[in-house]
Amino acid sequence: MIKIGDSWLILVLGDITQQKTDAIVNAANSRLAGGGGVDGAIHRAGGPIIDEECRRIGGCPTGGAVITSGGNLKARFVIHAVGPIYRGGRSGEAELLSSAYRSSLELAEEKNLKSISFPSLSTGAYGYPIEEAAQIALSTVIDYLKNQQQGSLKEVYFVLFTPGDYRVYAQVLERIAQKEG
Ligand code: ADP
74 MIKIGDSWLI
84 LVLGDITQQK
94 TDAIVNAANS
104 RLAGGGGVDG
114 AIHRAGGPII
124 DEECRRIGGC
134 PTGGAVITSG
144 GNLKARFVIH
154 AVGPIYRGGR
164 SGEAELLSSA
174 YRSSLELAEE
184 KNLKSISFPS
194 LSTGAYGYPI
204 EEAAQIALST
214 VIDYLKNQQQ
224 GSLKEVYFVL
234 FTPGDYRVYA
244 QVLERIAQKE
254 G
């Protein structure tokens, strides 16, 4: 957990569908069609309202994000972020992954939300190496919080699903925090 301005960045081990933050972020695909992994879990837990809203929106480019209501979830909103499929690292993946996080934070601020939870975008079925992805995820959020316009976001959580993923994020955050002094 580290403080950036008057906001907190917090790592937790757990299931993102159980989070009580204003919004949770889904690792969506560009058709917003639902799928496996965290996407499937969020659609199941949130119920058909989320499917309907996704169908109405129709799709989202890689690196972007869209927002729906949270249906039956504890969170009021789901932000569907589309991370890149990892294809070796030379196809703009880093910038697209960073952009997916930034787009989500922008949507949350537009809605004046105070708290948001992210999963580890792209590191499951999309194959992004987790150390690199964690570095991009954490530094993008930290940069954003340092420069946020309205300043509505007070708590940003990363909800890691496995102890191994949690450990990687914790190590990368430790390194970033040391560098920042
Ligand atoms: P992607 O297609 O973007 O790679 P995945 O859903 O396959 O998305 O995986 C992204 C990450 O989400 C993986 O690290 C996976 O372990 C994690 N994950 C799966 N289910 C959940 C959940 N219920 N809560 C939080 N994280 C989850």
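Residues are numbered in my numbering as their position in the sequence shown, beginning at 1, plus a constant of 73.
The beta-carbon is built from N, C-alpha and C at its ideal position, and this holds for glycine as well.
Three-way DSSP call (helix, strand, coil) for residue 239 in this model: Sequence index remark: in the sequence shown, residue 239 carries index 166 (1-based). In the displayed model, residue 239 falls within a helix according to three-state DSSP.
Under 9 Å between C-beta atoms of residue 136 and residue 173: Start at 1 with the first residue of the sequence shown, and residue 136 comes out as number 63. Start at 1 with the first residue of the sequence shown, and residue 173 comes out as number 100. When the beta-carbon positions are compared, residue 136 and residue 173 come within less than 9 Å of each other.
Sequence-distant residues of the same chain with beta carbon closer than 6 Å to residue 228, five excluded per side: Within the sequence shown, the letter at position 155 stands for residue 228. Around residue 228: 81, 188.
Beta-carbon spacing of residue 194, residue 156 below 9 Å: Position 121 of the sequence shown holds residue 194. Position 83 of the sequence shown holds residue 156. For residue 194 and residue 156, yes; Cβs fall inside 9 Å.
Bridge-paired residues (DSSP) for residue 230: For the purposes of this step, residue 230 is identified with residue 157 of the sequence shown, where counting begins at 1. Bridge partners of residue 230: 83, 190.
Continuous alpha helix (DSSP H) stretch holding residue 89: start and end: Mapped onto the sequence shown, residue 89 falls at position 16. Neither: residue 89 is in no alpha helix (DSSP H) and is coded neither H nor E.
Residues near ligand 1, criterion Cβ-heavy atom distance below 6 Å: For ligand 1, the selected residues are 88, 89, 90, 100, 110, 111, 112, 114, 156, 192, 193, 194, 195, 196, 197, 198, 199, 232, 234, 235, 238.
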